[in-house]
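One structure is given here, and the rest of the page talks about it.
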Amino acid sequence: MNDGKTVLGLGGGVGGLVAANRLRKSLPARHRVVLVDREPQHVFQPSLLWLAVGDRALGDIQRPLEKLVRTGVDVRIGSVDRIDTATRVVRVTGQDFAGDAIIVALGADLAPEAIPGLAEAGHNLYTPPGANAFAGALRSFGQGRIVVLTATPAYKCPAAPYEAAMLIAAALRHRGTRDRVQLDLYAAEPGPMAVTGPTLSGQVRGAVESQGIGYHPDHQVTRVDATARRLTFANGATADFDLLLFVPPHRAPAVVRDAGMLAASGWVAADRHTFATSAAGVYAIGDVTGIPLAMGKPMPKAGIFAHAQAEVVADNIASLWAGREARRTFDGVGKCFVETGDGRAGFGAGNFYAEPTPQVAFHAPARRWHWQKLLFERLWLKRWL
Ligand SMILES: Cc1cc2nc3c(=O)[nH]c(=O)nc-3n(C[C@H](O)[C@H](O)[C@H](O)COP(=O)(O)OP(=O)(O)OC[C@H]3O[C@@H](n4cnc5c(N)ncnc54)[C@H](O)[C@@H]3O)c2cc1C
Numbered sequence: 000m001n002d003g004k005t006v007l008g009l010g011g012g013v014g015g016l017v018a019a020n021r022l023r024k025s026l027p028a029r030h031r032v033v034l035v036d037r038e039p040q041h042v043f044q045p046s047l048l049w050l051a052v053g054d055r056a057l058g059d060i061q062r063p064l065e066k067l068v069r070t071g072v073d074v075r076i077g078s079v080d081r082i083d084t085a086t087r088v089v090r091v092t093g094q095d096f097a098g099d100a101i102i103v104a105l106g107a108d109l110a111p112e113a114i115p116g117l118a119e120a121g122h123n124l125y126t127p128p129g130a131n132a133f134a135g136a137l138r139s140f141g142q143g144r145i146v147v148l149t150a151t152p153a154y155k156c157p158a159a160p161y162e163a164a165m166l167i168a169a170a171l172r173h174r175g176t177r178d179r180v181q182l183d184l185y186a187a188e189p190g191p192m193a194v195t196g197p198t199l200s201g202q203v204r205g206a207v208e209s210q211g212i213g214y215h216p217d218h219q220v221t222r223v224d225a226t227a228r229r230l231t232f233a234n235g236a237t238a239d240f241d242l243l244l245f246v247p248p249h250r251a252p253a254v255v256r257d258a259g260m261l262a263a264s265g266w267v268a269a270d271r272h273t274f275a276t277s278a279a280g281v282y283a284i285g286d287v288t289g290i291p292l293a294m295g296k297p298m299p300k301a302g303i304f305a306h307a308q309a310e311v312v313a314d315n316i317a318s319l320w321a322g323r324e325a326r327r328t329f330d331g332v333g334k335c336f337v338e339t340g341d342g343r344a345g346f347g348a349g350n351f352y353a354e355p356t357p358q359v360a361f362h363a364p365a366r367r368w369h370w371q372k373l374l375f376e377r378l379w380l381k382r383w384l
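So in numbering that gives the first Met the number 0, spot 74 of the sequence shown is number 73, and the numbers just go up one at a time.
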């Protein structure tokens, strides 16, 4: 008798990729591991920053998801259009798949259209075509004003726009055009990486401002005029630009909303330690989840967390299917490198589940953190795909 079961991994980004790999290694061959993504290419998103300043080509930072097939994972390229959490049946481009367990790792959808004019006026840092097009525009940018903009206060990788601004400043310095370019960062949030506390936030702000980048927090953009190249903010201020790079608004994918999985936060509710949802056998990990912290703000969305959560969920499913207790839990610990340009990066690490506030320390920018980030990039694509 074949008592094989099926686990459906929805989303082949950080969380889905790690979970599928780990499950394939730990589950007996009679069990099936299916991984679904609508995109045939897995993109290593942290490298979008280097793509945006011309330090990477598109082909350097993505790999075909199909490569996972060699490990025994059943890869399906298609759109997840329906999730029935009660029956654990998922519709992928018209075909139904039944799972004994489902791991929802669909990430955050990007919604530049939520701000009138934004998509037409600027380049989206968070997509490969957007970052790549910005690199082209930057290459031929002689003089004028460049603006980096966060269109909402909460977005994945809270360091990314700050890193982008510092990498742009460094690129201009190397080209000898820095003194002819005014560089500003308009942020919807009150400060960089605010969840980590005022000390770290102040250190990152200091690093940005020390490079002559004008920093304008608490500026919520309401509309963008692509013809006049002007930003209008909720506080009445305006800002002109010649070249615009933006972090778009994020929202939960429509398919999880339609499945009734959203909490009041607008993101999927899951247990903060096991990432089980209220539906039996259904887990949600990574950016698609909204995990409230004791301080009142949500857990930041980051690959380091999606990765750790994927390991916890995969190990617990493997234990349960082997008749053992599910013992692994996620502890809220994370780290991140913050690129500051000129071959240097800062490094933040700590416990985001610490109460009453996350305890995160920041190590000053140094070459070794940049080298560790480079190594991480290289190992990531080699290890998983
Ligand atoms: C510029 C940038 C820099 C970053 N730097 C860092 C960093 O230094 N450190 C860090 O920890 N994090 C960083 N991040 C954040 C990190 O990449 C994300 O937090 C992480 O990828 C989240 O993993 P995930 O699995 O939840 O979602 P994702 O990795 O986004 O994967 C979601 C997947 O689901 C797929 N999908 C969505 N909807 C559907 C559907 N309906 N049907 C089929 N497939 C679907 C998508 O195509 C995607 O492949 C960065 C992000 C950006 C944009």
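For every residue, glycine included, the Cβ atom is placed at its ideal position computed from N, Cα and C. Nothing here was measured: the structure is a model prediction, and the numbers come from that model.
Which one or two residues does DSSP pair with N350 in a beta bridge?
For the purposes of this step, residue 350 is taken as residue 351 along the sequence shown, with counting starting at 1. Among the bridge pairs identified by DSSP, N350 is matched with V332 and Q358.
Taking the C-alpha atoms as reference points, what is the distance between F351 and A301?
In the sequence shown, counting from the first residue as 1, residue 351 sits at position 352. In the sequence shown, counting from the first residue as 1, residue 301 sits at position 302. Answer to the nearest angstrom: the Cα atoms are 12 angstroms apart.
Using the rule of at least 16 other Cβ atoms within 10 Å of the residue's Cβ for burial, across every protein chain shown, is S139 buried or exposed?
Here residue 139 corresponds to residue number 140 of the sequence shown, with the count starting at 1. When all chains shown are included, S139 counts as exposed.
Y125 and L47 - do their beta-carbons sit closer together than 8 angstroms?
Looking up residue 47 in the sequence shown gives position 48. Looking up residue 125 in the sequence shown gives position 126. For L47 and Y125, yes; Cβs fall inside 8 angstroms.
Within the chosen definition, does the region 40-59 reach the region 69-86 through at least 3 CB pairs nearer than 8 angstroms?
no
DSSP state of A104 mapped onto helix, strand, coil
To locate residue 104, count along the sequence shown from 1; it is residue 105. Looking at A104 - three-state DSSP - the assignment turns out to be coil, as it is neither helix nor strand.
Does ligand 1 have even one heavy atom less than 7 angstroms from the beta-carbon of I303?
Walking along the sequence shown from the start, residue 303 turns up at place 304. Indeed, a heavy atom of ligand 1 lies less than 7 angstroms from the Cβ.
Selected residue, minimal CA-CA separation from A150, among G190, V194, N123 and P248
The residue given as residue 150 occupies position 151 in the sequence shown. Nearest option by C-alpha distance: P248.
Here's the rule I'm using: 16 or more other beta-carbon atoms within 10 Å means buried, otherwise exposed. How should E162 be labelled?
If you number the sequence shown from 1, residue 162 lands on position 163. Burial call: buried.
Can you list, in chain order, the residues of its chain whose CB lies under 6 angstroms from that of H30, leaving out five sequence neighbours each side?
Residue mapping note: residue 30 aligns to position 31 of the sequence shown, counting from 1. Apart from sequence neighbours up to five positions away, the residues of its chain that approach H30 with a beta-carbon distance below 6 angstroms are G3 and K4, ordered along the chain.
By DSSP, does P63 sit in helix, in strand, or in coil?
The sequence position of residue 63 within the sequence shown is 64, counting from 1. It is a strand residue.
Over what stretch of residues does the alpha helix (DSSP H) that includes A256 continue unbroken?
Position 257 of the sequence shown holds residue 256. Residue 256 is actually Arg in this sequence, not Ala. First-last of the alpha helix (DSSP H) with R256: A253 to D257.
On a CA-only basis, which of P197, Y282, V35 and L319 is nearest Q308? Give me that one, please.
As a working mapping, residue 308 is identified with position 309 in the sequence shown. Looking at the Cα atoms, Y282 is the closest of the given residues.
For Q142, count neighbouring Cβ atoms within 10 angstroms of its own Cβ and tell me buried if that reaches 16, exposed if not.
The count along the sequence shown starts at 1 and reaches residue 142 at position 143. The residue in question, Q142, is exposed, as its Cβ has fewer than 16 Cβ neighbours within 10 Å.
Who are the Cβ neighbours of V267 in its own chain at under 6 angstroms, not counting the five residues just before and after it?
To locate residue 267, count along the sequence shown from 1; it is residue 268. Closer than 6 angstroms at the Cβ level, and outside the excluded window around V267, lie V255, M260, A283, V287 and T288.
Give a yes or no on contact between the region 83-101 and the region 274-281, applying the rule of three or more CB pairs nearer than 8 angstroms.
yes
Is the region 95-114 touching the region 199-217 in the sense that three or more CB pairs, one from each, lie closer than 8 angstroms?
Segment contact: the region 199-217 against the region 95-114, fewer than three CB-CB distances shorter than 8 angstroms; contact not assigned.
Using a Cβ-based criterion (distance less than 7 angstroms to any ligand heavy atom), does E310 qualify as near ligand 1?
In the sequence shown, counting from the first residue as 1, residue 310 sits at position 311. Relative to ligand 1, even the nearest heavy atom lies 7 angstroms or more away from the CB of E310.
If you compare alpha carbons, which of A132, V220, A164 and L166 is closest to P152?
Position 153 of the sequence shown, counting from 1, holds the residue named residue 152. That would be V220, whose Cα lies nearest to the Cα of P152.
Q94 burial status per 10 Å Cβ neighbour count (16 or more: buried)
Reading the sequence shown from its first residue, position 95 is the one you call residue 94. With fewer than 16 Cβ atoms within 10 Å of its Cβ, Q94 is classed as exposed.
Name the two residues that bound the continuous beta strand (DSSP E) containing H41.
Position 42 of the sequence shown holds residue 41. Looking at the DSSP string, the run of the beta strand (DSSP E) that includes H41 is Q40 to V42.
Using the Cβ count rule (16 or more neighbours within 10 Å means buried), how would you classify G58?
In the sequence shown, residue 58 corresponds to position 59, counting from 1. Per the 10 Å Cβ criterion, exposed.
Top-ranked residue by Cα proximity to P157, from G116, L199 and A130:
As a working mapping, residue 157 is identified with position 158 in the sequence shown. Nearest C-alpha to P157: L199.
From A170, Q181 and A100, pick the residue whose C-alpha is nearest to that of D239; which is it?
The residue given as residue 239 occupies position 240 in the sequence shown. Per the Cα distances, Q181.
State the start and end residues of the unbroken beta strand (DSSP E) segment that holds D36.
Position 37 of the sequence shown holds residue 36. From DSSP, the beta strand (DSSP E) with D36 extends over R31 to D36.
Please tell me whether, using a cut-off of 7 angstroms, the distance from the CB of Y125 to the nearest non-hydrogen atom of ligand 1 is below it.
What you label residue 125 is simply residue 126 of the sequence shown in a count that begins at 1. Because some heavy atom of ligand 1 lies under 7 angstroms away, the Cβ of Y125 counts as near it: yes.
Every unbroken alpha helix (DSSP H) within the region 264-337, with a cutoff of 4 residues, ordered by chain:
302-320
Would M192 count as contacting chain D if we go by Cβ distances under 8 angstroms?
Checking the listed chains, one finds no chain D in this structure; it contains a single protein chain.
Distance, R75 Cα to D36 Cα
Taking the first residue of the sequence shown as 1, we reach residue 36 at position 37. Taking the first residue of the sequence shown as 1, we reach residue 75 at position 76. C-alpha separation (whole angstroms): 7 angstroms.
Does the separation of the CB atoms of D183 and V223 fall below 8 angstroms?
Residue numbering aside, residue 183 sits at position 184 when the sequence shown is read from its first letter. Residue numbering aside, residue 223 sits at position 224 when the sequence shown is read from its first letter. Cβ atoms of D183 and V223: not closer than 8 angstroms.
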